[in-house]
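Everything in the sequence shown is counted per my numbering, starting at 301 for the first residue and increasing by one. C-beta: ideal position from N, C-alpha, C; glycine also. Input: a single structure, listed below in structure tokens.
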Amino acid sequence: MSLSELQKHKLRGWLKSKNVHPTCVSCGGTDWGAGEIVSAPILDTDGARLEDSHVPMVQLVCTNCSYLMLYAAVPIGLP
Ligand SMILES: [Zn+2]
Numbered sequence: 301m302s303l304s305e306l307q308k309h310k311l312r313g314w315l316k317s318k319n320v321h322p323t324c325v326s327c328g329g330t331d332w333g334a335g336e337i338v339s340a341p342i343l344d345t346d347g348a349r350l351e352d353s354h355v356p357m358v359q360l361v362c363t364n365c366s367y368l369m370l371y372a373a374v375p376i377g378l379p
């Protein structure tokens with residue numbers, strides 16, 4: 301799911317409030333763009349997918365090399 305302009309604003313505000321200024325581990329760049337909200341399934345101890353359980357994450361994408369960073373979306377207030 302693409303971020304709306306309001307969600308991008310919320311993400312930028314959250315990153316600023318946490319003093320997050322990431323450096324890209326791939327190229328050393330410091331310019332990032334908002335990507336998508338993605339979701340990963342939660343697995344039980346046997347590796348089976350739990351029904352209706354997932355972890356939403358928001359992508360930060362390096363504008364130089366497209367390396368991706370993921371942040372938990374819920375604490376940021378992004379559904
Ligand atoms: Zn990069």
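Counting along the chain, where does the beta strand (DSSP E) carrying Ala373 start and finish? Position 73 of the sequence shown, counted from the start, is the residue given in the question as residue 373. That residue, Ala373, is in no beta strand (DSSP E); its alpha helix (DSSP H) goes Ala373 to Ile376.
Based on the DSSP output, what are the partners of Ile337 in its beta bridges? As a position in the sequence shown, residue 337 is number 37, starting the count at 1. Under DSSP, the beta-bridge partners assigned to Ile337 are Val358.
9 Å Cβ cutoff met for Tyr367 and Ser326: As a first step, residue 367 is located in the sequence shown; it is residue number 67 there, counting from the start. As a first step, residue 326 is located in the sequence shown; it is residue number 26 there, counting from the start. The criterion of a C-beta distance shorter than 9 Å is satisfied by Tyr367 and Ser326.
In the structure shown, what three-state DSSP assignment does Ser326 receive? Locating residue 326 in the sequence shown gives position 26, counting from the first residue. In this structure, DSSP gives Ser326 a state outside helix and strand, which the three-state scheme calls coil.
Does at least one heavy atom of ligand 1 sit under 8 Å from the Cβ of Asn364? By 1-based counting over the sequence shown, the position of residue 364 is 64. Using a cutoff of 8 Å, the CB of Asn364 counts as near ligand 1, since one of the ligand's heavy atoms is closer than that.
With a CB to CB cut of under 8 Å and the five nearest residues on each side skipped, what residues in its chain are close to Ala340? Here the question's residue 340 lines up with position 40 in the sequence shown. Excluding sequence neighbours, Ala340 sits near His354, Val355 and Met357.
So that I know if they touch, is there some Cβ in chain C lying closer than 9 Å to that of Gly333? In the structure shown, chain C does not exist; there is a single protein chain.
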